[in-house]
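Numbering (the working numbering), first residue to last: 307 to 440. A virtual CB, placed ideally from N, CA and C, is assigned to each residue, including glycine. Taking it in order: structure first as structure tokens, then the write-up.
Encoded structure:
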């Protein structure tokens, strides 16, 4: 079964469990707003976990953003990473769709006793994740 078929099946079962979402989507369409249910984002994270890219994905609501947490393999170093993601602005043009995304409260910790250079940098505090743009 393809990813598109699995996504359609998951969306159909979600709408059967949450029929009020259809009315909300229609109201948002009239007001020229759009939204993605958090359950849809959780489903995407679960699919990524099944693909072996991440482990133990968790998405929690931190209004007006979302905290995304997962275990990943960073250059052969197992780490647990987390960040709060905010969508600041979405611009729709005929040529492009532009999203301005802001990350806050970024942290990473090494899982286990890895002795890689990345693990050494994270443990020593040399990687300053509080200022990701610098």
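For residue 363, count neighbouring Cβ atoms within 10 angstroms of its own Cβ and tell me buried if that reaches 16, exposed if not.
-> If you draw a 10 Å sphere on the C-beta of residue 363, you find 16 or more other C-beta atoms in it, and that means buried.
Under 6 Å Cβ to Cβ from residue 392, same chain only, skipping five residues before and after it: list those, please.
-> Closer than 6 Å at the Cβ level, and outside the excluded window around residue 392, lie 371, 408.
Could you work out which residue in 317, 342, 381, 360 is closest to residue 421 when comparing CA atoms only?
-> Closest in alpha carbon position to residue 421, among 317, 342, 381, 360, is 381.
Using the C-alpha atoms, what's the distance from residue 309 back to residue 357?
-> Those two C-alpha atoms are separated by around 11 Å.
Once you ignore the five residues that flank residue 390 on each side, which residues in its own chain have a CB closer than 6 Å to its CB?
-> Result list for residue 390: 368, 371, 373, 410, 411, in chain order.
Residues bridged to residue 411 by DSSP?
-> DSSP, once it has assigned bridges, lists no residue as partnering residue 411.
What are the start and end residues of the beta strand (DSSP E) that includes residue 398?
-> Per DSSP, residue 398 belongs to the beta strand (DSSP E) from 384-398.
Going by alpha carbons, who is nearest to residue 423 out of 415, 387, 383?
-> Nearest option by C-alpha distance: 383.
Based on Cα-Cα distance, which residue from 350, 331, 332, 329 lies nearest to residue 259?
-> This structure cannot speak to residue 259, because the chain is shown only from 307 to 440.
For residue 365, is the classification buried or exposed, using 16 other Cβ atoms within 10 angstroms of its Cβ as the cut-off for buried?
-> When all chains shown are included, residue 365 counts as buried.
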